[in-house]
Structure formats: structure tokens, C-alpha cells
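Asker:
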Amino acid sequence: MVNLITGPKGTGKTQQMIELANEKVKTSNGNVVFIKKSHRNTTTLDFGVRAICMEDYPDILTMDEFIGFLYGMVAGNHDIDTIFIDSVLKQADISLNNISAFMTSLSKISAENTLDFFISVGAEKESIPDIDSDNYNVLN
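Position in the sequence shown counted from 1, then plus 145, gives you our numbering.
So this is what it looks like as C-alpha cells:
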């Protein structure tokens with residue numbers, strides 16, 4: 146399942162994602178991964194959450210490369226059961242224009258690998274195309 150947290154900048158989405166990841170790692174039988182753009186605010190993540198900062202992977206520039214990165218991560222570790230992607234619109238070239246295709250890919254990865262995604266989107270729910278699909282769960 147793809148879960149979304151939406152809202153404009155400064156509405157606490159990152160903190161909510163960190164809290165969800167910290168709770169998930171306590172109850173999960175698998176691995177929890179938290180992907181963010183920079184190393185900022187990673188110290189508040191539980192030690193059991195695998196933090197990945199995309200600044201460390203500067204050659205991942207497009208949505209397709211980012212999706213390939215996710216596939217590689219899941220293929221390399223079948224124990225991953227939850228992936229958090231903070232500030233998705235700051236990752237690679239993902240924008241409101243192509244986020245629908247990105248979420249479709251996440252849905253496919255989720256179904257194929259029995260894992261959940263939580264993504265935060267720095268935009269109002271109403272401005273995100275195709276968000277009302279049964280494949281997505283809006284948490285706010």
C-alpha cells in the first residue's frame with residue numbers, strides 16, 4: 146500500500162514521518178527504511194531505522210533512476226517491509242506533473258514485494274493528480 150502525508154511546507158510532515166518510522170520499527174518483523182534528501186534531522190530516527198540520504202547518491206537524477214534504486218534496494222534485501230520517502234517532490238525530478246506515474250510504480254513495487262510505502266508530498270491533497278485511487282491511502 147502507498148500511504149501519503151500531504152500539506153504545504155512547514156506543516157510537520159517530516160516530523161510525522163519520523164514518528165511513524167520510529168513506531169513502525171518497534172512493531173515490524175522486517176526492516177524499515179527512511180529515504181530523505183539530506184542528512185538533516187536523521188538523528189531523531191530510531192537506530193533500527195535504516196536512513197538513506199539521497200545526497201550520497203548524486204547520480205540518481207530522474208524518476209526512472211529513483212525507481213530503479215528502489216527496485217535494487219528491495220532486490221538486495223527481501224526483509225524490507227516498509228519504506229518511507231520524505232519530501233518526495235525533492236527527490237530526483239519528481240514533480241506534481243509526474244507524481245501519478247511515480248505512485249503507480251510504488252504501488253507495483255508494493256504489490257510485488259509485500260511492502261508498504263509512506264511518502265510525504267509538499268502540496269495540498271487537491272493538487273495531487275489521481276490521489277483518490279484505491280491504491281493510495283491519504284493519512285491526513
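Cβ atoms here follow ideal geometry from the backbone N, Cα and C, with glycine treated the same way.
Answer yes or no: do Val194 and Val219 have a C-beta to C-beta separation smaller than 7 Å?
Answerer: no
Asker: Pick out whichever of Ser252, Phe214 and Phe229 has its Cα sitting closest to the Cα of Leu190.
Answerer: Phe229
Asker: Ignore the nearest five residues each way along the sequence and tell me which others in Phe262's own chain have a CB closer than 7 Å to its CB.
Answerer: Val147, Asn148, Ile228, Ile230, Leu251 and Ser255
Asker: In three-state DSSP terms, what is Phe192?
Answerer: coil
Asker: Taking the straight line between their C-alpha atoms, what separation do you get for Leu234 and Ala268?
Answerer: 9 Å
Asker: For the beta strand (DSSP E) that Tyr281 lies in, which residues bound it at each end?
Answerer: Tyr281 to Val283 is the extent of the beta strand (DSSP E) around Tyr281.
Asker: Quick one: Cα of Val170 to Cα of Ser232, how far?
Answerer: 20 Å
Asker: Using the Cβ count rule (16 or more neighbours within 10 Å means buried), how would you classify Leu215?
Answerer: buried
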